[in-house]
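Undergrad: Numbering (the working numbering), first residue to last: 9 to 374.
Here it is: the structure, laid out below.
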Amino acid sequence: MSNEPGGYALGRRPGLDGLRGVAVLLVVSGHSLGSRNSAGTVGVTLFFALSGFLITRILVEERARTGGINYRGFLVRRIRRLAPALAAFLVVAAVICIVNHFPLTWVVLPAVYATNLAMAAGEPVQLTGHTWSLGLEEQFYLLWPPLVMLALRRRRAPVITLAALVLLVTMWRAVAIGLGWPYLRVGYGPDMRIDAIIAGCLLAFVADRLRHLPSAAAVWAGAVLLALCLPERLETNAAMMPLATVCAAVVVAVAASRTPRVLALGPLTRLGGISYGVYLWHAPAAMARPHGLVMLPVVLTVSIAIAALSWRLVEARFLTYKVPHDVSLDSSASSTQPSAPASPQEGKPAVPARSRIEGAITREHS
9 MSNEPGGYAL
19 GRRPGLDGLR
29 GVAVLLVVSG
39 HSLGSRNSAG
49 TVGVTLFFAL
59 SGFLITRILV
69 EERARTGGIN
79 YRGFLVRRIR
89 RLAPALAAFL
99 VVAAVICIVN
109 HFPLTWVVLP
119 AVYATNLAMA
129 AGEPVQLTGH
139 TWSLGLEEQF
149 YLLWPPLVML
159 ALRRRRAPVI
169 TLAALVLLVT
179 MWRAVAIGLG
189 WPYLRVGYGP
199 DMRIDAIIAG
209 CLLAFVADRL
219 RHLPSAAAVW
229 AGAVLLALCL
239 PERLETNAAM
249 MPLATVCAAV
259 VVAVAASRTP
269 RVLALGPLTR
279 LGGISYGVYL
289 WHAPAAMARP
299 HGLVMLPVVL
309 TVSIAIAALS
319 WRLVEARFLT
329 YKVPHDVSLD
339 SSASSTQPSA
349 PASPQEGKPA
359 VPARSRIEGA
369 ITREHS
């Protein structure tokens with residue numbers, strides 16, 4: 009299978025914005041309703057699959073345009089998109105921790121993207137525990153661009169290798185569950201939850217073939233994902249968690265190849281546009297008691313309001329910073345060759361196109 013982009017171009021795809029909106033709704037719902045559901049886990053799994061697809065597709069198309077991958081530029085864009093909102097959130101979290109005598113490690117760990125590592129080691133993290141998924145993504149994406157560059161130097165895309173990795177993670181998690189490993193280790197360990205990101209990466213290498221997947225597949229996969237929201241601690245179920253990963257990949261594949269009407273609805277796409285902020289800010293509100301249906305509209309309204317302010321006052325200001333273009337991962341490409349901007353994905357007119365795509369990816373999670 010060729011590793012070239014073929015006839016597929018990422019472009020602006022409202023369906024992906026809408027899918028982010030669905031994912032963050034699931035996360036907020038899961039945390040607002042309490043611990044007796046897995047909606048948050050399903051939402052995070054969707055975010056992971058979408059993230060892997062978008063990031064990898066951006067890298068693949070950059071390599072096709074320029075002959076290389078600008079690694080430094082990639083990292084700068086990630087920091088520029090994620091760090092300002094996270095910093096604002098952590099300032100507020102620090103105040104909450106000081107006032108309530110909570111451990112300040114709850115602030116330090118997210119600042120260095122290590123929440124998932126601490127939790128997997130057995131340290132419970134509240135208030136900022138939801139940043140575990142951000143840590144997992146950043147750890148993966150520090151290593152992923154060079155690996156993509158190596159893969160693209162071959163004549164065939166690493167589809168079989170990625171599929172084997174997904175299977176390997178699935179089997180490893182099943183072994184851990186069978187051995188009775190602690191919930192925190194199974195639920196938050198990088199080696200236990202990376203499969204959905206890898207599945208999304210796989211989709212990016214076969215993007216030109218996704219149009220062959222029938223839309224009905226996404227309908228059935230979406231129905232299964234909703235059903236998987238009902239049981240507790242889905243991530244520790246050796247049979248159902250892989251099903252969630254597969255279904256999330258199917259939904260992402262369909263949304264990436266066409267625009268399902270339900271995902272193109274204005275409220276969903278607008279929510280998807282600020283899903284990262286909503287994800288960050290929903291946790292403190294969701295910690296309030298009691299949990300239940302009455303809390304969901306309250307948490308969602310508060311989160312959306314703060315996220316909208318964060319976008320206007322904090323995040324958007326940093327997205328106009330010029331990205332350096334002087335470090336390529338391909339020695340055959342000029343070290344000063346600029347990377348052409350990718351097509352818009354996030355739909356913020358005042359923000360450079362490429363920033364909109366990468367800005368859309370991180371959001372999440374449980």
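All residues carry an ideal CB built from backbone N, CA and C; glycine is no exception.
Which one of M179, V227, T136 has the shortest CA to CA distance from T267?
TA: By 1-based counting over the sequence shown, the position of residue 267 is 259. Nearest option by C-alpha distance: V227.
Undergrad: Threshold first: 4 residues or longer. Then list the alpha helix (DSSP H) segments lying entirely within the segment 205 to 285, N to C.
TA: Whole alpha helix (DSSP H) segments, 4+ residues: 223 to 236, 248 to 265, 274 to 281.
Undergrad: Quick check: what's the CA-CA separation for V232 versus S141?
TA: On the sequence shown, residue 232 is found 224 positions in, with the first residue counted as 1. On the sequence shown, residue 141 is found 133 positions in, with the first residue counted as 1. Looking at the two C-alpha atoms, the distance is approximately 23 Å.
Undergrad: Since M295 is in the alpha helix (DSSP H), which residue starts that stretch and which ends it?
TA: The sequence position of residue 295 within the sequence shown is 287, counting from 1. From DSSP, M295 is part of no alpha helix (DSSP H); its letter is neither H nor E.
Undergrad: May I have a chain-ordered list of the alpha helix (DSSP H) segments no shorter than 4 residues that lie completely inside the segment 18 to 46?
TA: Those alpha helix (DSSP H) runs which fall completely within the segment 18 to 46 and span 4+ residues are 22 to 41.
Undergrad: For L18 and A263, I'd like the C-alpha separation in whole angstroms.
TA: Sequence index remark: in the sequence shown, residue 18 carries index 10 (1-based). Sequence index remark: in the sequence shown, residue 263 carries index 255 (1-based). Approximately 11 Å between the Cα atoms of the pair.
Undergrad: Taking its Cβ as the centre, do 16 or more other Cβ atoms sit within 10 Å of S343, making it buried, or is it exposed?
TA: For this step, residue 343 is matched to residue 335 along the sequence shown. Model confidence at S343 stands at a pLDDT of 31, short of 50, so the residue's coordinates are unreliable; what they give is reported in the following sentence. Exposed: under 16 other Cβ atoms inside 10 Å.
Undergrad: Drop a sphere of 10 angstroms on the beta-carbon of S340, count the other beta-carbons inside from all chains shown, and report buried for 16 or more, exposed for fewer.
TA: Sequence index remark: in the sequence shown, residue 340 carries index 332 (1-based). For S340, the predicted model reports a pLDDT of 38, less than 50, meaning its position is unreliable; a value from the coordinates is still stated below. So S340 counts as exposed.
Undergrad: Determine, using beta-carbon pairs with one atom in the segment 196 to 214 and one in the segment 170 to 187, whether at least three such pairs fall under 8 Å.
TA: Touching, yes.
Undergrad: Residues in its own chain within less than 7 Å of V307 by CB, not counting five upstream and five downstream?
TA: The residue you call residue 307 lines up with position 299 of the sequence shown. Taken in chain order, the residues that qualify are V36, S40, H290, A293, A294.
Undergrad: Hey, would you say E240 sits closer than 8 Å to R44, going by beta carbons?
TA: Stepping through the sequence shown from its first residue, residue 240 is reached at position 232. Stepping through the sequence shown from its first residue, residue 44 is reached at position 36. Cβ atoms of E240 and R44: closer than 8 Å.
Undergrad: Please state the DSSP three-state secondary structure of H138.
TA: Locating residue 138 in the sequence shown gives position 130, where the first residue counts as 1. H138 falls in the helix class under three-state DSSP.
Undergrad: Using the Cα positions of A257 and L160, report the straight-line distance between them to the nearest angstrom.
TA: Sequence index remark: in the sequence shown, residue 257 carries index 249 (1-based). Sequence index remark: in the sequence shown, residue 160 carries index 152 (1-based). Taking the straight line joining both Cα atoms gives about 22 Å.
Undergrad: Confirm, please, whether the CB-CB distance from I205 to L173 is below 8 Å.
TA: Looking up residue 173 in the sequence shown gives position 165. Looking up residue 205 in the sequence shown gives position 197. Cβ atoms of L173 and I205: not closer than 8 Å.
Undergrad: In whole angstroms, what is the alpha-carbon distance linking L321 and A96?
TA: Position 313 of the sequence shown, counted from the start, is the residue given in the question as residue 321. Position 88 of the sequence shown, counted from the start, is the residue given in the question as residue 96. The alpha-carbon atoms of L321 and A96 are separated by roughly 10 Å.
Undergrad: Tell me whether W189 sits in a helix, a strand or coil according to DSSP, three-state version.
TA: Taking the sequence shown and counting its residues from 1, the one referred to as residue 189 is at position 181. Of the three classes helix, strand and coil, the one that applies to W189 here is coil, per DSSP.
Undergrad: Starting from R201, trace the alpha helix (DSSP H) in both directions and tell me its first and last residue.
TA: Here the question's residue 201 lines up with position 193 in the sequence shown. Run containing R201: 198 to 201, per the alpha helix (DSSP H) assignment.
Undergrad: To the nearest angstrom, how far is the alpha carbon of A411 from that of I63?
TA: Nothing in the structure corresponds to residue 411, since the chain is present only between 9 and 374.
Undergrad: Does the count of Cβ pairs from the segment 134 to 149 and the segment 110 to 123 closer than 8 Å reach three?
TA: Yes, the segment 134 to 149 is in contact with the segment 110 to 123.
Undergrad: Examine the Cβ distances between the segment 144 to 158 and the segment 70 to 84 and report whether three or more of them are shorter than 8 Å.
TA: They touch, by the three-pair rule.
Undergrad: So, with DSSP's three-state summary, where would you put F110?
TA: Taking the first residue of the sequence shown as 1, we reach residue 110 at position 102. Coil.
Undergrad: Could you give the DSSP three-state label for A129: helix, strand or coil?
TA: Your numbering for residue 129 matches position 121 in the sequence shown. Residue state, collapsed to three classes: coil.
Undergrad: Measuring alpha carbon to alpha carbon, tell me which of P111, G195, L251 ends up nearest G130.
TA: Taking the sequence shown and counting its residues from 1, one reaches residue 130 at position 122. Answer by Cα proximity: G195.
Undergrad: Measuring only the C-alpha atoms, how far is L234 from G208?
TA: Along the sequence shown, one-based indexing puts residue 234 at 226. Along the sequence shown, one-based indexing puts residue 208 at 200. Those two C-alpha atoms are separated by around 19 Å.
Undergrad: With a cut-off of 8 Å, do at least 3 Cβ pairs link the segment 248 to 255 to the segment 99 to 118?
TA: No: fewer than three Cβ pairs fall under 8 Å.
Undergrad: Helix or strand or just coil, what does DSSP make of P166?
TA: Start at 1 with the first residue of the sequence shown, and residue 166 comes out as number 158. The answer is coil: DSSP assigns P166 none of H, G, I, E or B.
Undergrad: Count the other CB atoms within 10 Å of the CB of V302; is the residue buried (16 or more) or exposed (fewer)?
TA: Position 294 of the sequence shown holds residue 302. That one is exposed.
Undergrad: Going by the CB atoms, is the gap between L90 and P118 shorter than 8 Å?
TA: Sequence index remark: in the sequence shown, residue 118 carries index 110 (1-based). Sequence index remark: in the sequence shown, residue 90 carries index 82 (1-based). Not a contact, by the Cβ cut-off of 8 Å.
Undergrad: Considering only the alpha carbon of each residue, which of A324, F326, V260, Q134 lies closest to N108?
TA: One-based indexing of the sequence shown puts residue 108 at position 100. For the residues A324, F326, V260, Q134, the minimum Cα distance to N108 belongs to Q134.
Undergrad: Taking only the alpha-carbon atoms, compute the straight-line gap between V310 and A57 and give it to the nearest angstrom.
TA: On the sequence shown, position 302 is the one that residue 310 refers to. On the sequence shown, position 49 is the one that residue 57 refers to. Going from the Cα of V310 to the Cα of A57 covers about 27 Å.
Undergrad: Measuring only the C-alpha atoms, how far is T328 from R88?
TA: For the purposes of this step, residue 328 is taken as residue 320 along the sequence shown, with counting starting at 1. For the purposes of this step, residue 88 is taken as residue 80 along the sequence shown, with counting starting at 1. Taking the straight line from one Cα to the other gives about 9 Å.
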